[in-house]
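Presented below is the structure to which this report refers.
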Amino acid sequence: MSSKSNITKITLFLLMIMIFSSVASATMNVAVITDPTGQDPNGCAAGSQSFAANMFQSTFIFSQEHKMALLSGGEGTSDVRVAAIITALTQLQAGGTPEQVVSVAPRFDGIRLMAVNPTEGISVGGDFEVYVVTVDSSSTIKIQPASGGIASVPAGTRGAIIHLRNSEGNPKSGTADRVRLQTAMKIGKMIRDGYPATTIVSEAFGEVARDSGENHGGGAVNLISGVTTGDMFTPEQLNGVGYEMDQPYTKVSKTGWSIGFPEANNYQVSPVDGSPLTTIYAYEALGNTITVSGDHPSVSVYGSDKRGLSESTSDVVSAAVTRYGYDPVLIAKSINRAIDSSTIIGVEHVDTSDLNVKENIKAVGVYYTAAPNSRTSPTWNLPIDSQIFDVLGNIQTIIGILLILLALFRSTLIKSFFRRR
0 MSSKSNITKI TLFLLMIMIF SSVASATMNV AVITDPTGQD PNGCAAGSQS FAANMFQSTF
60 IFSQEHKMAL LSGGEGTSDV RVAAIITALT QLQAGGTPEQ VVSVAPRFDG IRLMAVNPTE
120 GISVGGDFEV YVVTVDSSST IKIQPASGGI ASVPAGTRGA IIHLRNSEGN PKSGTADRVR
180 LQTAMKIGKM IRDGYPATTI VSEAFGEVAR DSGENHGGGA VNLISGVTTG DMFTPEQLNG
240 VGYEMDQPYT KVSKTGWSIG FPEANNYQVS PVDGSPLTTI YAYEALGNTI TVSGDHPSVS
300 VYGSDKRGLS ESTSDVVSAA VTRYGYDPVL IAKSINRAID SSTIIGVEHV DTSDLNVKEN
360 IKAVGVYYTA APNSRTSPTW NLPIDSQIFD VLGNIQTIIG ILLILLALFR STLIKSFFRR
420 R
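Printed below as a string of structure tokens:
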């Protein structure tokens with residue numbers, strides 16, 4: 000697909016969102032690089048959240064081809080933001096560096112753009128209040144404030160940039176300056192101590208949500224492995240807010256059974272085997288989703304938005320990969336066994352065509368078909384024609400009617416029988 004075609008489609012999407020929804024703006028943008036060589040599958044991550052509604056407008060745009068994420072926000076109007084994003088995307092498609100991509104932002108009043116590439120660094124441009132974090136080879140942490148213009152983490156450097164402001168109406172308004180600094184300090188220490196970028200971004204989401212009130216998702220992306228949270232935390236409807244990232248998201252058992260909130264409030268142990276349940280908060284679920292490893296691949300779930308399904312599927316797929324490797328046939332069999340045992344609920348069985356297995360980036364996509372009529376288990380695939388059951392049902396109905404008649408006229412029938420004798 001051509002670059003011009005990609006930009007045209009994104010433009011139309013953004014314009015449609017702008018027409019039918021209220022203005023949304025990410026107030027927290029964060030990008031982290033822990034491996035500037037681009038070799039660590041979890042070495043670069045980024046994401047956005049806000050107190051505002053419609054967070055699918057401002058989460059991120061990710062280019063798999065260029066390994067670059069573009070995050071946006073600011074106080075400018077939505078039409079100005081769309082124009083800024085499209086101009087930046089033109090620079091991105093032309094092969095621009097993060098600094099070149101965000102250099103267009105100062106032309107647009109009140110707009111902020113942040114761009115990150117694992118090997119080319121992080122840059123932010125336009126209207127912003129950020130801390131730039133760098134950690135050198137001797138593990139010395141430097142945290143520098145910056146506001147307006149252009150600020151960057153240079154290529155080849157471990158570091159991060161975090162932007163944070165308070166939204167209008169946020170009851171914790173006035174906390175952004177303090178939380179921005181404390182989160183930057185935490186990010187610097189975690190980079191120094193060797194945590195992967197995906198985990199650091201997750202923890203930043205949690206701290207910002209708890210302490211500043213800018214807590215609605217949003218979402219995040221693992222740039223090296225190409226894995227995102229998708230629509231896990233974005234609003235379900237236009238002009239709504241996303242999931243609160245500091246709130247419980249699912250309960251999970253050690254054997255992989257899980258259920259999302261609010262339904263999870265009704266369960267203290269797994270109904271499958273009685274094992275205890277662990278509460279997973281939304282920011283933790285974010286980190287689990289975008290973090291990949293050899294025996295714990297990143298698992299993306301499509302076709303059903305039932306909370307808990309992603310976690311259950313991830314545990315089942317991880318166990319299958321550990322035992323069998325990245326074999327789609329055996330992964331599908333493992334998923335179907337979990338569906339039969341009610342470890343995974345609310346979906347139909349899968350086959351290999353429903354899986355997208357990418358061993359090179361340690362990722363598995365599972366495309367479910369939701370079970371109809373809110374069923375928890377799949378519909379039966381019986382080896383005989385269903386019309387036979389209609390016939391059997393009719394026979395059973397006739398027998399039932401005869402039994403009722405016998406009960407009603409029992410005494411008359413008995414007297415008639417004895418008279419004939």
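Following numbering that gives the first Met the number 0, the numbering of the sequence shown begins with 0 at its first residue and continues without gaps. Every residue gets a Cβ at the ideal spot worked out from N, C-alpha and C, and that includes glycine.
Residue pairing by DSSP places residue 161 opposite 29, 130 in a beta bridge. The Cβ-Cβ distance between residue 306 and residue 259 falls below 9 angstroms. Here the C-alpha atom of residue 167 lies approximately 20 angstroms from the C-alpha atom of residue 161.
Residue burial is scored here from C-beta neighbours: residue 202 has at least 16 other C-beta atoms within 10 angstroms and is therefore classed as buried. Straight-line spacing of the CA atoms in residue 79 and residue 112 works out to 12 angstroms. Separation of residue 169 and residue 217 (C-alpha to C-alpha, rounded to the nearest whole angstrom) is 16 angstroms. Residue environment analysis places residue 97 among the buried positions, since at least 16 neighbouring C-beta atoms fall within 10 angstroms of its C-beta.
Just measuring C-alpha positions, the residue of 176, 51, 32, 36 sitting nearest residue 239 is 51.
Between the alpha carbons of residue 266 and residue 173 lies a gap of roughly 38 angstroms.
Rounded to whole angstroms, the Cβ separation of residue 296 and residue 253 is 19 angstroms, and the two are not in contact under 8 angstroms. Distance from the CA of residue 157 to the CA of residue 195, rounded to the nearest whole angstrom, comes to 11 angstroms. For residue 301, the enclosing beta strand (DSSP E) covers residues 297–301. In this structure, DSSP gives residue 221 an extended state, which the three-state scheme calls strand. For residue 243, the pairing in a beta bridge is given by DSSP as 215. Residue range 308–323 is occupied by the alpha helix (DSSP H) that includes residue 322. Under the three-state reduction of DSSP output, residue 237 falls in the coil class, being neither helix nor strand.
Counting C-beta atoms within 10 angstroms of its own C-beta, residue 355 has fewer than 16 neighbours from the protein chains shown and is therefore classed as exposed. Scanning the stretch 346–373 for uninterrupted beta strand (DSSP E) segments of 3 residues or longer gives 354–357, 362–366, listed from N- to C-terminal end.
Here residue 223 is actually not in contact with residue 33; their C-beta atoms are around 10 angstroms apart, not less than 8 angstroms. The three-state reading of DSSP puts residue 52 in coil, since its state is none of H, G, I, E or B.
Between the alpha carbons of residue 286 and residue 302 lies a gap of roughly 21 angstroms.
A buried status is given to residue 90, since no fewer than 16 other beta-carbon atoms sit within 10 Å of its beta-carbon.
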